[in-house]
Amino acid sequence: MLLIHKLRGHGAGKINAPGGRVEHSESVEDCAIRELFEEVGIRARSPVLAASLRFRDLENGFSMHGCVFVVEEFDGSPVRTAEADPFWCTVDQIPYDQMWEDDRFWLPHVLAGSRVNGDLVFANDKLKEWYLTVEKR
Numbered sequence: 074m075l076l077i078h079k080l081r082g083h084g085a086g087k088i089n090a091p092g093g094r095v096e097h098s099e100s101v102e103d104c105a106i107r108e109l110f111e112e113v114g115i116r117a118r119s120p121v122l123a124a125s126l127r128f129r130d131l132e133n134g135f136s137m138h139g140c141v142f143v144v145e146e147f148d149g150s151p152v153r154t155a156e157a158d159p160f161w162c163t164v165d166q167i168p169y170d171q172m173w174e175d176d177r178f179w180l181p182h183v184l185a186g187s188r189v190n191g192d193l194v195f196a197n198d199k200l201k202e203w204y205l206t207v208e209k210r
């Protein structure tokens, strides 16, 4: 699995997957392909939507909708950029203790081949409650 040490922006200092914000008139799939290339220098082929997650922070008013894609085929090799330092890890070595709290609840379902929909509620970046629906992809 390709993960990154997030170097700047939202989540800096945490381990995450590459990704970012949708630009004007861009689809979420096009965004995922573009962000993967910008952050780690590889080009995704045939990304598959695996999760739709809604995040909300009760204290600071932050809210975001995130789409997670699985990519099994790509061109290029990951490289470090100003935003991300990529690294490969096996599924049994995912460093959940260095990631966002919610990842440990939804990511295993995605890695098992399921599609996840979730609502994740935080207060000051601490997970307070979560709701997931999981179905086979």
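Heads up: the sequence shown begins at 74 in our numbering, then just goes up one per residue. All residues carry an ideal CB built from backbone N, CA and C; glycine is no exception. Here the structure is a predicted model, which is why all the values come from computation and not from measurement.
Within 10 angstroms of the Cβ of residue i, are there 16 or more other Cβ atoms? Answer buried if so, exposed if not.
i: Pro-168; result: exposed
i: Ala-85; result: exposed
i: Trp-179; result: buried
i: Val-121; result: exposed
i: Asp-103; result: exposed
i: Val-164; result: exposed
Which of helix, strand or coil does DSSP assign to residue i?
i: Asp-103; result: helix
i: Leu-193; result: strand
i: Glu-112; result: helix
i: Val-211; result: Residue numbering for the chain in the displayed model covers 74 to 210; residue 211 lies beyond these limits and cannot be assessed.
i: Val-164; result: helix
If you draw a straight line from the alpha carbon of residue i to that of residue j, how long is it in whole angstroms?
i: Arg-153; j: Gly-82; result: 15 Å
i: Val-207; j: Gly-149; result: 32 Å
i: Met-74; j: Gly-134; result: 32 Å
i: His-138; j: Gly-114; result: 24 Å
i: Phe-110; j: Arg-116; result: 5 Å
i: Asp-175; j: Glu-132; result: 17 Å
i: Phe-142; j: Asp-192; result: 17 Å
Starting from residue i, trace the alpha helix (DSSP H) in both directions and tell me its first and last residue.
i: His-182; result: 176–184
Kindly indicate the opening and closing residues of the beta strand (DSSP E) around residue i.
i: Trp-203; result: 199–209
i: His-97; result: That residue, His-97, is in no beta strand (DSSP E); it is neither H nor E in DSSP.
i: Ser-125; result: 121–130
i: Trp-161; result: 157–161
i: His-138; result: 136–143
i: Lys-87; result: Unbroken run through Lys-87: none, as it is neither H nor E.
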